[in-house]
Amino acid sequence: IAAGNKNVVEKAGRNLVSLEKQKKFTFHPDKSKIIKIKTNRKEQENEQVNISVSSGKVKAATEEKYLGDWVSNKSDNSIRIEKKEEKINYMISEIKRYGNYKNVGQMDLKMRILIYEKVVIPQVLYNVEIWSNLKPKVLVIIKIIQKKRLTGIFEMPQSTSYYGIIKESGLL
929 IAAGNKNVVE
939 KAGRNLVSLE
949 KQKKFTFHPD
959 KSKIIKIKTN
969 RKEQENEQVN
979 ISVSSGKVKA
989 ATEEKYLGDW
999 VSNKSDNSIR
1009 IEKKEEKINY
1019 MISEIKRYGN
1029 YKNVGQMDLK
1039 MRILIYEKVV
1049 IPQVLYNVEI
1059 WSNLKPKVLV
1069 IIKIIQKKRL
1079 TGIFEMPQST
1089 SYYGIIKESG
1099 LL
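So in the numbering used here, the last one in the sequence shown is 1100, and the numbering has no gaps at all.
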């Protein structure tokens, strides 16, 4: 993963190849990917980066999971949010399945809140400190996602106030 123009990315690749030759580590072309993070210059969009290692050529990718988080060639957080939302959708369906009245009786809402606090919130906030360009717009998107999921958990209308849900559930 490297940011900058083609020359900078290829230089970083050459440095890594020299470390491979010194037996510091090895590349596996199927497991290693090049992600060139785009900058604002339009002429860089079509540039191809070529890095060859002893066992083959390293392929380019537009997005990849790296150290438990998603990285894309865009310099924004859209892929991270998208992937987290997919995971959260599954979690919410499981919360509703296990935390229903039939399974836990009158404790169903408390059970749903507890699972949400202990599982979903840490998942949403996982690695958020390393996100680059964390702008207010991203925080608004996260709040929208959270509101949708909370109204789903509590089976409330989508028109319910976000802050009302947070306050009444005790999450605030």
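All C-beta atoms, glycine included, are put in the ideal place defined by N, C-alpha and C. This one's a predicted model, so the numbers in the text were calculated from it and none came from an experiment.
Along the beta strand (DSSP E) that carries residue i, what are the first and last residues, could you check?
i	result
D997	997-1000
G1027	No beta strand (DSSP E) contains G1027, which DSSP labels as neither H nor E.
E914	Nothing about residue 914 can be read from this structure; the chain reaches only from 929 to 1100.
K1065	Element bounds for K1065: not the beta strand (DSSP E) but the alpha helix (DSSP H), 1064-1081.
G941	Run containing G941: none in the beta strand (DSSP E); it sits in the alpha helix (DSSP H), 934-949.
G984	984-988
Q963	The amino acid at residue 963 is misidentified as Gln; the sequence shows Ile. Unbroken run through I963: none, as it is neither H nor E.
I979	979-981
Less than 8 Å between the CB atoms is what I'm expecting for residue i and residue j, so what's the real figure, rounded?
i	j	result
I1070	V1052	7 Å
D1036	Y1029	5 Å
If you draw a straight line from the C-alpha of residue i to the C-alpha of residue j, how long is it?
i	j	result
K985	N943	15 Å
G1033	K1075	25 Å
S1097	E1013	21 Å
N935	Y1091	49 Å
L1067	M1019	21 Å
V1047	R1077	13 Å
K949	E1057	34 Å
N933	L1100	44 Å
E971	K952	Low confidence applies here, because E971 scores a pLDDT of 48, under 50, leaving its location unreliable and the question unanswered by this model.
N1005	G1027	32 Å
S1089	K1065	19 Å
I1093	Q1086	11 Å
Is the beta carbon of residue j closer than 8 Å to that of residue i?
i	j	result
E992	I1016	no
V999	E938	no
K1011	K966	no
K987	K959	no
R1025	W1059	no
Quick check on the DSSP output: the alpha helix (DSSP H) that includes residue i runs from which residue to which?
i	result
K1095	1090-1097
K1038	1036-1043
V1047	V1047 -> no alpha helix (DSSP H), and no H or E assigned at all.
- Query: Do the segment 1080-1094 and the segment 1037-1047 touch if we need at least three Cβ pairs shorter than 8 Å?
  - Reply: yes
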